[in-house]
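Participant: The structure's right below; bear with me while I get my questions together.
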Amino acid sequence: MEKLDTLDKKILDIIMTNARIPSKDVAQECGVSRAAVHQRIQRMIDQNIITGSGYHVNPKALGYSTCTYIGVNLERGAMYRTVVPELEKIPEVVECHFTTGPYTMLLKLYAKDNEHLMDLLNGKIQMIRGVTGTETLISLDHSIVREIPIDND
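The numbers in the sequence shown follow this note's numbering, run straight up by one, and end at 153.
Here is the structure:
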């Protein structure tokens, strides 16, 4: 992966704040051509520096009022590779991490209510072969949502 230069970092800083900003505005703020901005953004996409695009949807607006983190323990850590495809079949699971510490995996999911959460836990997650236990942490509120800062050294 190529090292990011000052212009790359400035472009990233701008588009991380507003992903819908027109390239011409980014170019004007950076003092370069729109083509230069487009080429640099495309290069950063190709290098997997920029991943994903689109809009973030508020889960509550879709009826998912409960954000939950679930610590999952497996029979053996190596079962992670077979458990993940099963978790991918559960659309409410939005993140899955293979972790160190007290859990083999940490999941983030959204449920419509406590009954839905109980069904996801008891009827789906805990039924996956290899899952030996779960611990559920319900998020009451989130205060910080941001991208990693751009180091402009």
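The beta carbon of each residue, even a glycine, is placed where N, CA and C say it ideally should be.
Drop a sphere of 10 angstroms on the beta-carbon of Lys3, count the other beta-carbons inside from all chains shown, and report buried for 16 or more, exposed for fewer.
Facilitator: Result: exposed.
Participant: What are the start and end residues of the alpha helix (DSSP H) that includes Glu86?
Facilitator: That run of the alpha helix (DSSP H) goes 80-88.
Participant: Going by DSSP, what residue range makes up the beta strand (DSSP E) through Ile148?
Facilitator: Looking at the DSSP string, Ile148 is not in any beta strand (DSSP E), and its letter there is neither H nor E.
Participant: Measuring only the C-alpha atoms, how far is Ile50 from Met44?
Facilitator: Distance between the alpha carbons of Ile50 and Met44: 6 Å.
Participant: Out of Ser139, Met105, Ala35, which one is the CA nearest neighbour of Ile125?
Facilitator: Of the listed residues, the one whose Cα sits closest to Ile125 is Met105.
Participant: Between the alpha carbons of Val131 and Arg34, how many angstroms are there, rounded?
Facilitator: If I take the Cα positions, the gap works out to 51 Å.
Participant: Return helix, strand or coil for Lys9, following the three-state DSSP convention.
Facilitator: The answer is helix: DSSP assigns Lys9 an H, G or I state.
Participant: Taking only the alpha-carbon atoms, compute the straight-line gap between Thr66 and Thr134 and give it to the nearest angstrom.
Facilitator: Computed Cα separation, rounded: 17 Å.
Participant: Considering only their Cβ atoms, is the gap separating Tyr110 from Tyr80 smaller than 8 Å?
Facilitator: Not in contact: Tyr80 and Tyr110 (Cβ atoms no closer than 8 Å).
Participant: Using DSSP's beta-bridge definition, name the partner residues of Gly31.
Facilitator: In DSSP, Gly31 forms no bridge with anything.
Participant: Under the rule that 16 or more other beta-carbon atoms within 10 Å means buried, what is Arg40, buried or exposed?
Facilitator: Classification of Arg40: buried, given that the 10 Å Cβ count is 16 or more.
Participant: Is Ile11 closer than 8 Å to Cys30 when the C-beta atoms are compared?
Facilitator: Going by C-beta atoms, Cys30 is nearer than 8 Å to Ile11.
Participant: Does the beta-carbon of Val94 have 16 or more other beta-carbons within 10 angstroms, so that it is buried, or is it exposed?
Facilitator: Counting Cβ neighbours within 10 Å, Val94 comes out exposed, since fewer than 16 surround it.
Participant: Short check: CB of Leu87 to CB of Leu107, under 8 Å?
Facilitator: Contact: yes.
Participant: With DSSP as the reference, please indicate the residues paired to Ile138 in a beta bridge.
Facilitator: In DSSP, Ile138 forms a bridge with Thr68.
Participant: Please classify Ile148 as buried or exposed, where buried requires at least 16 neighbouring CB atoms within 10 angstroms.
Facilitator: With fewer than 16 Cβ atoms within 10 Å of its Cβ, Ile148 is classed as exposed.
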